[in-house]
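Novice: If you read the sequence shown in UniProt numbering, its first letter stands for residue 1, the second for the next number, and so on. Just so it is clear, CB atoms sit at the ideal spot from N, CA and C, and this is done for glycine as well.
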Amino acid sequence: MSNITMRLAGALFGAVALSAMPAMAEDLVLGASVQLTGPVANTGRYYKDAYEFTIDKINEAGGVKVGDKQYKLALKLYDNQSDVNLSVRQYTQLISQDKVNLLLGPFASNFALADSAVSEKYQVPMVQGGGASDQIFSRKFKYIFGTLAPASNYFGSTIAMMKELDPAPKSVALLYADDAFDVSVADGTRPLLKDAGITVALDERYTSNASDFNSLLSQIKSANVDAVLVAGHETEILNFVRQAKSLAVAPKLYSFTVGVPSEDFRKALGKDADYAFGMSAWLPSADLKDKYFGDAAAFAEAYKAKFGYEPDYHAASGAADVEALVQAVEAAGTLDPKAVRDAIAKLNFDSLYGKIAFAENGQIDLAQTVIQVQDGKVAAVYGAKGFLEKPKYPMPAWNAR
């Protein structure tokens, strides 16, 4: 299919055609639907940029060798406009009409949950680093693979750290959005808190994309909890912090599943981002060696030079998704989807994101490092072996900063 035809077909589905690279013998086409507009487009761009960047890098290195053929990687990408139903239709389009070879994923668990049903139906492998909900991987699907750690353990390292803080938090408020990822986070966090002997004084679910947290913050203030754990989206977290400041709500600690690793989050809040805890399965370390980029630090430097912003774990997982498909195709020696699927299941290689080796359910499990914003920068404060750097704790009152 010519690039012009691809663009015309894509326009009907909000598509963005990104395959304008010099032709090799043949194209190996990866297909994806990503949030390029709508409420979560700010995070969706990480995946678009990481997919593009990694594909360019692999093509520069000679492309993909499959048997005695050399292929150029190409990307067929649609904008799902942050609409799950549109995303499902676009993945169906990618397989049934565009005839892409393999699939990359969208951002967000509710999208991956719905879109993976399409890959399973058509038996075309999807590797995605945008959805972590345990629900995605509990259905015994064979064609979905994920490079984010299980959502149910996102706060695991944070709770382990809390037990070692002085004074250790005794009570928490647990807040979470009503989507697949955040529900999985909350479901996994409750038993972890119970095992740690920490009282859950407030356990509240809120509507995704909520903008008003005043009522919940008033409840937190009345409960006088030591810590607040929030599983939500970046825009929600920004609103939460701003409103917490306006209501003078400052527990000893608050931690968020998203936002803290992001340069945009820190820029949006300025000094008000300080003291916020978060987590990340990836940091741009030179210790993470990679076949195409050299190492994670080199990837991060080149990524920022190209796109003008720092990559976080979303971008790193997106790059690893492309590499996983390429490694599997070369190992399989064929583009047959079932053979590639079987090769993905057997992968075990080092990437800029970390070790890529999928469990039987199709998900990898990378340990989360606790991070904190300190003086406007991200500091890695707690990992598998304990404290990495001294956390700023307890958080001071807003008028004492």
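Cβ of Ser152 within 7 Å of Cβ of Ala201?
Specialist: It is not a contact, given that the beta carbons lie outside the stated cut-off.
Novice: Tell me, to the nearest whole angstrom, how far the beta carbon of Tyr353 is from that of Thr147; I am working on the premise that it is less than 8 Å.
Specialist: Tyr353 to Thr147, Cβ: 7 Å. Contact.
Novice: Tell me the residue span of the alpha helix (DSSP H) that contains Thr147.
Specialist: It is not in any alpha helix (DSSP H) - Thr147 carries neither H nor E in the DSSP assignment.
Novice: How is Met24 classed by DSSP in three states: helix, strand or coil?
Specialist: Any reading at Met24 is ruled out, since the residue's pLDDT is 43, under 50, leaving its predicted position unreliable.
Novice: Spatial neighbours of Asp27 within its chain, please: C-beta separation below 8 Å, excluding the five flanking residues on both sides.
Specialist: Once the five neighbours on either side are set aside, the close Cβ partners of Asp27 are Ser19, Tyr71, Lys72, Leu73, Ala74.
Novice: So within the region 25-64, which uninterrupted alpha helix (DSSP H) runs reach at least 4 residues, ignoring any that extend past its ends?
Specialist: If we require 4 residues or more, the alpha helix (DSSP H) runs fully inside the region 25-64 come out as 41-60.
Novice: In whole angstroms, what is the alpha-carbon distance linking Phe157 and Glu234?
Specialist: Note that residue 157 corresponds to Ser in the displayed sequence, not to Phe. Taking the straight line joining both Cα atoms gives about 20 Å.
Novice: What does a CB cutoff of less than 8 Å around Met395 pick up in its chain, not counting 5 residues either side in sequence?
Specialist: Answer for Met395: Ala250, Pro251, Lys252, Leu253, Tyr254, Tyr275, listed in chain order.
Novice: Measure the beta-carbon distance from Ser116 to Ser184 and round it to whole angstroms, keeping in mind my assumption that it falls under 8 Å.
Specialist: Not quite, the Cβ-Cβ distance comes to about 15 Å (not below 8 Å), so this is no contact.
Novice: Please state whether DSSP places Met395 in a helix, a strand or coil.
Specialist: Coil at Met395, not helix or strand.
Novice: Since Gln363 sits in a beta bridge, which residues does DSSP pair it with?
Specialist: The partner list for Gln363 (beta bridge, DSSP) reads Gly146.
Novice: Starting from the Cα of Ser351, find the closest Cα among Gly376, Leu283, Thr369, Asn361 and give me that residue.
Specialist: When each option's Cα is compared against that of Ser351, the closest is Leu283.
Novice: Can you give, in chain order, each stretch of the alpha helix (DSSP H) that sits fully within the region 193-242 and has at least 4 residues?
Specialist: Runs found: 214-223.
Novice: So, does the region 336-344 touch the region 366-377, judging by three or more C-beta pairs under 8 Å?
Specialist: No, because fewer than three Cβ pairs between the region 336-344 and the region 366-377 fall closer than 8 Å, the two stretches do not touch.
Novice: If we cut at 7 Å on Cβ distances, does Gly63 have a partner in chain B?
Specialist: The chain inventory of the structure shown lacks chain B, comprising one protein chain alone.
Novice: On the criterion of 16 or more Cβ atoms from any shown chain inside 10 Å, does Glu236 qualify as buried, or is it exposed?
Specialist: Per the 10 Å Cβ criterion, buried.
Novice: Tell me whether Gly318 sits in a helix, a strand or coil according to DSSP, three-state version.
Specialist: Of the three classes helix, strand and coil, the one that applies to Gly318 here is helix, per DSSP.
Novice: Residue range of the beta strand (DSSP E) that Leu253 falls in?
Specialist: That run of the beta strand (DSSP E) goes 253-256.
Novice: Tell me the DSSP bridge mates of Met279?
Specialist: According to DSSP, which records beta bridges pairwise, Met279 is partnered with Val370.
Novice: Within 10 angstroms of its Cβ, does Pro169 collect 16 or more other Cβ (buried), or is it exposed?
Specialist: Under this definition Pro169 is a buried residue.
Novice: Only counting the same chain, and skipping five residues up and downstream in sequence, which positions put a Cβ closer than 7 Å to that of Leu113?
Specialist: Result list for Leu113: Gly131, Ser133, Gln135, Ile136, Ala180, in chain order.
Novice: State yes or no: is the C-beta of Met161 within less than 7 Å of the C-beta of Tyr382?
Specialist: Cβ atoms of Met161 and Tyr382: closer than 7 Å.
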